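S.K.: Residue numbers (the numbering used here): 50 to 221. All C-beta atoms, glycine included, are put in the ideal place defined by N, C-alpha and C. All of these numbers come straight from a predicted model, not from anything done at the bench. Sharing a structure, written as structure tokens. Questions coming.
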């Protein structure tokens with residue numbers, strides 16, 4: 050992921066509830082953006098799987114465009130990480146891009162996390178579908194109390210993506 054939005058190295062590595070929302074709209078096919086996003090997420094999942102206390106992580110992966118595809122696991126086992134990795138690798142792209150779907154189901158996911166640190170990772174090429182939808186998605190995200198890190202894979206204009214990032218110290 051871009052160095053300008055790096056997640057700090059001192060992030061707690063246990064008792065985490067992490068939701069990763071990946072833009073799977075058709076624009077992500079351009080210049081292998083979807084491949085870049087998938088590889089970054091797979092690398093992260095492999096790193097977490099190898100970490101001590103990996104079984105204390107709850108992980109939710111969301112592929113969003115005009116529809117939603119999601120998988121989540123709680124207190125992940127090695128087999129759970131393998132299933133999540135396979136899920137990410139096979140996410141198809143599709144028409145549309147409704148940013149509000151990226152945060153769909155977050156309240157239920159985080160409420161079931163039982164005191165775990167909440168983290169939200171948002172990956173997109175940065176092509177906004179609607180300023181209001183991004184604003185609405187940011188409001189839903191704010192209600193969860195999650196630390197949110199947003200990544201623009203292409204566009205340098207981060208106005209809309211920034212609405213889903215509440216960690217200003219690292220940029221978008």
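Name the DSSP bridge partner or partners of residue 68?
M.R.: Position 19 of the chain shown, counted from the start, is the residue given in the question as residue 68. Beta-bridge partners of residue 68 (DSSP): 109, 169.
S.K.: Is residue 211 helix, strand or coil by DSSP?
M.R.: The residue labelled residue 211 in the question sits at position 162 within the chain shown. Helix at residue 211.
S.K.: Where do the N-terminal and C-terminal ends of the beta strand (DSSP E) with residue 117 fall, by residue?
M.R.: In the chain shown, the residue the question calls residue 117 occupies position 68. Here the beta strand (DSSP E) through residue 117 covers 117-122.
S.K.: Does DSSP put residue 200 in a helix, a strand or coil?
M.R.: The count along the chain shown starts at 1 and reaches residue 200 at position 151. Strand, per DSSP.
S.K.: Is the region 182-190 touching the region 137-157, taking contact as three or more C-beta pairs under 8 Å?
M.R.: yes
S.K.: Could you check which residue in 199, 94, 164, 204 has the C-alpha nearest to that of residue 211?
M.R.: As a working note, residue 211 is residue 162 in the chain shown. Out of 199, 94, 164, 204, 199 has the C-alpha closest to the C-alpha of residue 211.
S.K.: Apply the 10 Å Cβ neighbour rule to residue 197 and answer buried if 16 or more other Cβ atoms are within range, or exposed otherwise.
M.R.: Within the chain shown, numbered from 1, the residue matching residue 197 stands at position 148. Residue 197 is buried by the Cβ-count criterion.
S.K.: Express the C-alpha separation of residue 156 and residue 110 in angstroms, rounding to a whole number.
M.R.: Taking the chain shown and counting its residues from 1, the one referred to as residue 110 is at position 61. Taking the chain shown and counting its residues from 1, the one referred to as residue 156 is at position 107. Each residue's Cα considered, the two are about 14 Å apart.
S.K.: Give me the residue from 103, 144, 216, 195 with the minimum Cα distance to residue 223.
M.R.: Because the chain is modelled from 50 through 221, residue 223 falls outside the range shown and cannot be assessed.
S.K.: Taking buried to mean at least 16 other C-beta atoms within 10 Å of its own C-beta, is residue 25 buried or exposed?
M.R.: With the chain covering 50 to 221 only, the question about residue 25 has no answer from this structure.
S.K.: Where does residue 143 sit, in a helix, a strand or coil, going by DSSP?
M.R.: Working through the chain shown from its first residue, we reach residue 143 at position 94. Of the three classes helix, strand and coil, the one that applies to residue 143 here is strand, per DSSP.
S.K.: Name the DSSP beta bridge partners of residue 76, please?
M.R.: Counting from one through the chain shown, the residue named residue 76 turns up at place 27. Residue 76 pairs with nothing; no bridge assigned.
S.K.: So what does DSSP say about residue 216, is it helix, strand or coil?
M.R.: Working through the chain shown from its first residue, we reach residue 216 at position 167. Coil.
S.K.: Check residue 206 in the structure and name its three-state DSSP category.
M.R.: Against the chain shown, residue 206 aligns to sequence position 157. Coil, per DSSP.
S.K.: Hey, residue 174 and residue 95 are a contact pair by Cβ (cut 8 Å); roughly how many whole angstroms apart?
M.R.: Here the question's residue 174 lines up with position 125 in the chain shown. Here the question's residue 95 lines up with position 46 in the chain shown. So it is not a contact: roughly 23 Å between Cβ atoms.
S.K.: Measure the beta-carbon distance from residue 70 to residue 158 and round it to whole angstroms, keeping in mind my assumption that it falls under 8 Å.
M.R.: As a first step, residue 70 must be located in the chain shown, where it is residue number 21. As a first step, residue 158 must be located in the chain shown, where it is residue number 109. At roughly 11 Å, the Cβ-Cβ gap does not stay under 8 Å, so residue 70 and residue 158 are not in contact.
S.K.: Starting from residue 103, follow the alpha helix (DSSP H) in both directions and report where the run begins and ends.
M.R.: Sequence index remark: in the chain shown, residue 103 carries index 54 (1-based). No alpha helix (DSSP H) holds residue 103; DSSP gives it neither H nor E.
S.K.: Suppose the cutoff is 7 Å on Cβ atoms and the five residues either side in sequence are ignored; what does the same chain contact list for residue 226 look like?
M.R.: This structure gives no information on residue 226, because the portion of the chain shown stretches from 50 to 221.
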